[in-house]
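What follows is a single structure, written as structure tokens, with notes after it.
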Amino acid sequence: MNFDKIQWSIEYPELTALVKKDNSVYRSIAIFFLVLSILLFFLFPFVLFFTIPLTAYILYFYSQNKNKKLYAYLFKINKKECWYRPPTYSQNDPDYPDNSITLYLFEAEDQTRYELSETVPIKSGKTKLKKHFKVNSIIFNAFKKGDEAFFIFSQANDLLAYYYGGEIIVLTKTKLLSNGETFSISDSIPQELNYPPPAGYSII
Numbered sequence: 000m001n002f003d004k005i006q007w008s009i010e011y012p013e014l015t016a017l018v019k020k021d022n023s024v025y026r027s028i029a030i031f032f033l034v035l036s037i038l039l040f041f042l043f044p045f046v047l048f049f050t051i052p053l054t055a056y057i058l059y060f061y062s063q064n065k066n067k068k069l070y071a072y073l074f075k076i077n078k079k080e081c082w083y084r085p086p087t088y089s090q091n092d093p094d095y096p097d098n099s100i101t102l103y104l105f106e107a108e109d110q111t112r113y114e115l116s117e118t119v120p121i122k123s124g125k126t127k128l129k130k131h132f133k134v135n136s137i138i139f140n141a142f143k144k145g146d147e148a149f150f151i152f153s154q155a156n157d158l159l160a161y162y163y164g165g166e167i168i169v170l171t172k173t174k175l176l177s178n179g180e181t182f183s184i185s186d187s188i189p190q191e192l193n194y195p196p197p198a199g200y201s202i203i
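Per numbering that gives the first Met the number 0, residue 0 is the first one in the sequence shown, and the count goes up by one each step.
In structure tokens form, the structure reads like this:
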């Protein structure tokens, strides 16, 4: 894959700015749960069994992302898999939203890991290979088996962007403020995955 056409001096700062925005959200949520734990300690001490591990989990992602470089995987798509878990309640019940889950996965081979910066990507000497990559429906339908893919990740192991059609496609979504203004936030895809998926899922 030819990286010469990508303007990393422009793309990389935009990606890191997005990660910093995500990180500020992680930090705010962690502070909220920490304060909540302190306030509820004397009233409901059992709550700490929930809030403290959750706070530690969020702080872990915060520390992983803070001031650390992004990385990427160049790989060949060996297989595409779509797993589905149906709703856990009657679909005729109007009081509950649809909680079905669809997992879109790429099985990878011929992988190369790169460290990213504002210059060209550099092959990483420490290559931790992944067997499967979790994607969304848009990415799943954009690639076919045998295609070469280039995925960009944060240090928290979230899929941030991918290379397609000669450009970097960043995973974002738009939010509407009460004053009518809009802003973009990350729509990154966490890569935590138990494979094969647990009972209740079936491949389609």
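Glycine residues also receive a C-beta, built at the ideal position from the N, C-alpha and C atoms.
Inset, instruction - Report the three-state DSSP secondary structure of Val216 (helix, strand or coil). - result: Within the shown structure, residues of the chain are numbered from 0 to 203, placing residue 216 beyond reach of any answer.
Legend entry - C-alpha gap between Thr181 and Lys19, whole angstroms: Reading the sequence shown from its first residue, position 182 is the one you call residue 181. Reading the sequence shown from its first residue, position 20 is the one you call residue 19. Whole-angstrom Cα-Cα distance: 19 angstroms.
Legend entry - Short Cβ contact (8 angstroms threshold) for Ser183 with Thr171: Translated into positions along the sequence shown, residue 183 becomes position 184. Translated into positions along the sequence shown, residue 171 becomes position 172. It is a contact, given that the beta carbons lie within the stated cut-off.
Inset, instruction - Quick one: which unbroken alpha helix (DSSP H) runs of 4-plus residues sit fully inside the stretch 74-156? Chain order, please. - result: Qualifying alpha helix (DSSP H) stretches, in chain order: 136-141.
Inset, instruction - Would you identify the three-state DSSP class for Ala71, choosing helix, strand or coil? - result: If you number the sequence shown from 1, residue 71 lands on position 72. The answer is strand: DSSP assigns Ala71 an E or B state.
Inset, instruction - From the DSSP output, read off the bridge partner residues of Leu205. - result: The structure shown does not extend to residue 205, since the chain is modelled only from 0 to 203, so the question has no answer here.
Inset, instruction - Check the C-beta distance from Leu69 over to Leu128 and give it rounded, since I have them as a contact under 8 angstroms. - result: Within the sequence shown, the letter at position 70 stands for residue 69. Within the sequence shown, the letter at position 129 stands for residue 128. Between Leu69 and Leu128, the beta carbon gap of about 18 angstroms keeps them out of contact (Cβ cut-off 8 angstroms).
Legend entry - Inter-residue spacing [alpha-carbon to alpha-carbon] between Trp82 and Lys130: What you label residue 82 is simply residue 83 of the sequence shown in a count that begins at 1. What you label residue 130 is simply residue 131 of the sequence shown in a count that begins at 1. Each residue's Cα considered, the two are about 16 angstroms apart.
Legend entry - Proximity winner among Lys143, Glu191 and Phe149, relative to Leu110 (alpha-carbon distances): Within the sequence shown, numbered from 1, the residue matching residue 110 stands at position 111. Per the sequence shown, the amino acid found at residue 110 is Gln instead of Leu. Checked all of Lys143, Glu191 and Phe149; the closest Cα to Gln110 is Phe149.
Legend entry - Check whether Asn77 and Glu117 have beta carbons under 8 angstroms apart: Here residue 77 is taken as the residue at index 78 of the sequence shown, counted from 1. Here residue 117 is taken as the residue at index 118 of the sequence shown, counted from 1. It is not a contact, given that the beta carbons lie outside the stated cut-off.
Legend entry - Between the CA atoms of Pro52 and Glu10 - distance to the nearest angstrom: Working through the sequence shown from its first residue, we reach residue 10 at position 11. Working through the sequence shown from its first residue, we reach residue 52 at position 53. Roughly 35 angstroms between the two C-alpha positions.
Inset, instruction - Measure the alpha-carbon distance for Phe31 versus Leu159 and round it to whole angstroms. - result: Looking up residue 31 in the sequence shown gives position 32. Looking up residue 159 in the sequence shown gives position 160. Taking C-alpha positions only, Phe31 is separated from Leu159 by approximately 25 angstroms.
Inset, instruction - Kindly identify the DSSP beta-bridge partner or partners of Ile168. - result: In the sequence shown, the residue the question calls residue 168 occupies position 169. In the DSSP assignment, Ile168 is bridged to Tyr161.
Legend entry - Selected residue, minimal CA-CA separation from Val134, among Leu192, Ser27, Leu38 and Leu17: Numbered from its first residue, the sequence shown carries residue 134 at position 135. With distances taken between Cα atoms, Val134 lies closest to Leu192.
Inset, instruction - List the whole-angstrom C-beta distance separating Gly145 from Lys4, where the pair is believed to meet the contact cut-off of C-beta under 8 angstroms. - result: For this step, residue 145 is matched to residue 146 along the sequence shown. For this step, residue 4 is matched to residue 5 along the sequence shown. Wrong, their Cβ atoms sit about 22 angstroms apart, outside the cutoff.
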